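Number of protein chains: 2
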Amino acid sequence: MKIIPQKFKIDYHFPVYFVDTLFESGENYLQKIFNECGITEESKFLFVIDGNLIKKNNTLIPGIELFFQLHAYKLAGAPLIIPGGEAAKIDFAVTHKILEAINNYGIDRHSYVVGIGGGAVLDVAGFAAAIAHRGIRHIRIPTTVLSQNDSGVGVKNSINYFGKKNFIGTFAPPFLVINNNAFLNNLSDRDYRCGIPEAIKVGLIKDAAFFDFIETFTEKLNQRDDETIRKLIFRCAELHLQHIAGNDPFEKGNSRPLDYGHWSAHKLEQLSNYKILHGEAVAMGICLDAVYANLIGMLSKDELMRIINLIKILRFNIYAAEMEKTDDNGKNLMIEGLQEFREHLGGRLTIMLIKKIGVGVEVNEMDESLVKSSITFLKKIQ
Amino acid sequence: MKIIPQKFKIDYHFPVYFVDTLFESGENYLQKIFNECGITEESKFLFVIDGNLIKKNNTLIPGIELFFQLHAYKLAGAPLIIPGGEAAKIDFAVTHKILEAINNYGIDRHSYVVGIGGGAVLDVAGFAAAIAHRGIRHIRIPTTVLSQNDSGVGVKNSINYFGKKNFIGTFAPPFLVINNNAFLNNLSDRDYRCGIPEAIKVGLIKDAAFFDFIETFTEKLNQRDDETIRKLIFRCAELHLQHIAGNDPFEKGNSRPLDYGHWSAHKLEQLSNYKILHGEAVAMGICLDAVYANLIGMLSKDELMRIINLIKILRFNIYAAEMEKTDDNGKNLMIEGLQEFREHLGGRLTIMLIKKIGVGVEVNEMDESLVKSSITFLKKIQ
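Residue numbers (numbering that gives the first Met the number 0), protein chains in the order written: chain A, 0 to 381; chain B, 0 to 381.
What follows is the structure, encoded as structure tokens:
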């Protein structure tokens, strides 16, 4: 028996920009950003854009076209419009469509696939870019609060498969992320609010002062105050990026602290046929795991109620009927999601709970009857 | 405008083992290797096996089953048998089948997908493992000379799509590679020989002494002498691994020296509907680019003829009618492959040529009429 040990390191780096305007009437920072990132003039770009965004924003595509008329970068055909939200991620169909455009327009590894949209659209565009030619440079321009402060600045992409959320995907750091504040004006109140629970989550597990900030400014957030949401997005993105860089970016181990409140959230989305949006499901998941932490004597009642009140003041439900859905044998389907969560993660079940606001603690089991009691509690006080 | 720069490093490492026997009557090194690699006893394994291998080896599956009966590792269902050769890589169908097994058997990120087979089977098994749950640990057990000395020890996987070779795939280092010498006994003479051109290639661009070794032992290679093929595989794998670790493992730049002779090879395979095997196409591609290098005054006639003679003594064709296939407009289809090669790679066309045996040189253009003259030359002296 002989062995050759193979060993190498890969350096990953990408900037996350925060700008006020991009293709709107204000300044277009794109040229400046492209220059700073060393994008050369003859480079080719394929745009993949969220259909939901296009419905509300009729200046975006003309804005993109104008930019390319004014510069020597090449626009590969008309931007590809794909369904917004979870519809983008169902099976391989939309991925196939993007791959087709990549093939038709001769997009290569030194070209750029630019995703503009919410988390789901960025997920599928990122996945297609990651597997075409084994990886085309990918630029993410998140357009929702949720994607600007969370998924859009991360290193994952995915689509659903076999009806399971994020069943296939890759870890593929983007080339560049641009968070454009002006895109938030296109959001419905519901979509706007849906980004806030991820910020609460990261505050709960990592930064009590950030949780306090959100608690202090609920009224401003409910009024869609621009300065407040900018601060929230910037700090949440910063904590998210720091966490990824400092821990296990490609999740080789068991731990996934950023998934606090998510084991149930993923399942609630699926059980509601994605009528419950990700942010809404996370809001409920946060409450559920906080009640559970209180029931096992980990979290004080005072802090539990601060969390639940914050979620309620921000106009989120803390309970949904999907929490109690059962299969033919009377098994609670949401709780079955624990097993799927473990499988997706692999290895030992590892669930993040909190022992106080700002301090996460991992546990390796969840008591089913206590989860049920937690549901009952939320139902009662909803 | 604000910026948060994201930055992190990932360490990749995996061992490549060389053993005499694995599931054959001799010693089974698997337990020892699993121990050395820290694979714990409760771990779950899904086997994906080359259908061509199974036709010739009826002790493999019983051998696998016996191993799992004797140890506490868990075998997830019956091994999945998939078509061998390029058929495994046509579109998404086989990938889907493997994903289905991963889903049905609850294979997670801490489980192992073990591919046993030739390069194509390892490519599709590696691709499915890389995208399921964003990456399941993947063990490669290459069974051909070609996969043991070349693709199987590398970091790529892929499938064909839109009729284009390797159009989708990822860079995903395996968890572990095991080259089992005994598997070579299952190979037809044709499949056996098909691994040698990659060794010649790596000698031509990196190691004149290795080229000399192959030249010296052609008779032994034609007789399938065990000691000679072991040496050839070990040295070729070693050069391949060194190259990957020392350069640009995930091919961010333009350079792809290991693809010497490959721009035409990929296209010849496709134009022959994969009747010409990869190794046979590479043998022709090596000769073609050597003639071209001679025609542009880069390579001496003596060395050119050494190369061509070596390829011929090893019983490979140096010319195929596919080299002269044209489309309706009379355009040479193989030469069109240069553009596809550039697109797959991205950026500037970069072709490796050799200025002498053991020394590669990159060029950024290929003169079409000189490529045609090279074809004519090979046709004449075939």
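Ideal Cβ positions, reconstructed from N, Cα and C, are used throughout, including at glycine.
The structure presented is a predicted model; accordingly, all values stated were derived computationally and were not measured.
Got a sec? Which residues, its chain only, sit under 8 Å from residue i by beta carbon, not counting five neighbours each side?
i: Y111 of chain B; result: I38, S42, K43, F44, L45, I135, R136, H137, I138, F174
i: D224 of chain A; result: F216
i: N253 of chain A; result: L344, G345, G346, R347, T349
i: G105 of chain B; result: K43, A75
i: I285 of chain B; result: P196, I199, K200, L203, Y259, G260, I306, I310
i: I312 of chain B; result: T217, N221
Below 9 Å on C-beta distance, what does residue i contact in chain B?
i: H12 of chain A; result: P4, Q5, K6, F7
i: F233 of chain A; result: K1, I3
For residue i, which beta-bridge partners are listed by DSSP?
i: S157 of chain B; result: B:G168
i: G359 of chain A; result: A:I353
i: L175 of chain B; result: B:I138
i: V120 of chain B; result: DSSP output for V120 of chain B lists no bridge partner at all.
i: F212 of chain A; result: BP columns for F212 of chain A are empty, so no partner.
i: P61 of chain B; result: P61 of chain B pairs with nothing; no bridge assigned.
i: H12 of chain A; result: B:K6
i: T325 of chain B; result: B:N331
i: G114 of chain B; result: B:V47, B:R139
i: A131 of chain B; result: A:I167
In chain A, which residues lie less than 7 Å from residue i when you measure between Cβ atoms?
i: K155 of chain B; result: R133
i: Y16 of chain B; result: M0, I2
Going by beta carbon distance, what residues of the same chain come within less than 7 Å of residue i, once the five residues before and after it are set aside?
i: R341 of chain A; result: L348
i: V370 of chain B; result: Y291, I334
i: F126 of chain A; result: T94, N156, S157, I158, G168, T169
i: L183 of chain A; result: V144, Y191, I228
Roughly how many whole angstroms lie between the Cα atoms of residue i and residue j?
i: I53 of chain A; j: H132 of chain B; result: 31 Å
i: N331 of chain B; j: E26 of chain B; result: 52 Å
i: Y191 of chain B; j: G118 of chain A; result: 49 Å
i: L69 of chain A; j: S24 of chain A; result: 15 Å
i: N316 of chain B; j: I310 of chain B; result: 8 Å
i: S373 of chain A; j: G296 of chain A; result: 13 Å
i: E218 of chain B; j: L257 of chain B; result: 26 Å
i: I232 of chain B; j: A244 of chain A; result: 39 Å
i: Q381 of chain B; j: I48 of chain B; result: 37 Å
i: K55 of chain B; j: K205 of chain A; result: 58 Å
i: G394 of chain B; j: L287 of chain B; result: Residue 394 of chain B cannot be examined here, being either before or after the span of chain B that is shown, 0 to 381.
i: G83 of chain A; j: G116 of chain A; result: 7 Å
i: D122 of chain A; j: K88 of chain B; result: 25 Å
i: L145 of chain B; j: E279 of chain B; result: 11 Å
i: Q241 of chain B; j: V152 of chain B; result: 11 Å
i: V18 of chain A; j: L270 of chain A; result: 37 Å
i: M283 of chain B; j: I81 of chain B; result: 29 Å
i: K31 of chain B; j: A289 of chain A; result: 45 Å
i: I213 of chain A; j: N34 of chain A; result: 36 Å
i: V154 of chain B; j: K6 of chain A; result: 11 Å
By alpha-carbon positions, which one of the options ends up nearest to residue i?
i: A264 of chain A; options: A:C235, A:P196, A:D211; result: A:P196
i: C193 of chain A; options: A:K1, A:T143, A:G116; result: A:T143
i: E250 of chain A; options: A:D122, A:F170, A:H109; result: A:F170
i: D149 of chain B; options: B:L238, B:A129, B:F161, B:G329; result: B:L238
i: E364 of chain A; options: A:G357, A:I356, A:T375, A:Q338; result: A:Q338
i: I209 of chain A; options: A:V176, A:R234, A:K96; result: Note on residue identity: the sequence assigns Phe, not Ile, to residue 209 of chain A. Selected option, being the one with the closest Cα: A:R234.
i: A129 of chain A; options: A:I140, A:V120, A:R108; result: A:R108
Quick one: which chain B residues come within Cβ less than 7 Å of residue i?
i: H109 of chain A; result: G345, G346
i: M259 of chain A; result: One point to set straight first is that residue 259 of chain A is Tyr, not Met, in the sequence displayed. Simply none; closest approach about 19 Å.
i: A236 of chain A; result: I3
i: G168 of chain A; result: I130, R133
Which residues in chain A sit within 8 Å of residue i, going by Cβ to Cβ distance?
i: L240 of chain B; result: I3, Q5
i: Y28 of chain B; result: M0
i: A244 of chain B; result: Q5, K6, F7
i: E40 of chain B; result: Per Cβ cutoff of 8 Å: no residues; E40 of chain B is ~14 Å from chain A at best.
In chain B, which residues lie with their C-beta within 8 Å of the C-beta of residue i?
i: P248 of chain A; result: F7, I9
i: I97 of chain A; result: None at all; the shortest Cβ gap to chain B is about 11 Å.
i: F161 of chain A; result: L98, E99, N102
Which same chain residues end up closer than 6 Å to residue i when comparing Cβ atoms and leaving out the 5 residues on each side of it in sequence?
i: N165 of chain A; result: S157
i: I101 of chain A; result: A131
i: V360 of chain B; result: L352, K354
i: S318 of chain B; result: At residue 318 of chain B the sequence reads Tyr, which differs from the Ser that was named. For Y318 of chain B, where only same-chain residues beyond five positions count, the Cβ hits under 6 Å are L377, K378, Q381.
i: V113 of chain A; result: F44, F46, I138
i: N51 of chain B; result: G83
Run down chain D in chain order and give the residues with a C-beta less than 8 Å from the C-beta of residue i.
i: G50 of chain A; result: Given the protein chain composition of this structure (A and B), no chain D is represented.
I want to verify the contact list: residues of chain A whose CB lies under 9 Å from the CB of residue i, in sequence order.
i: Y119 of chain B; result: According to the sequence shown, residue 119 of chain B is Ala rather than Tyr. By Cβ distance, chain A contributes nothing, its closest Cβ being about 16 Å from A119 of chain B, past 9 Å.
i: F91 of chain B; result: F91, H95
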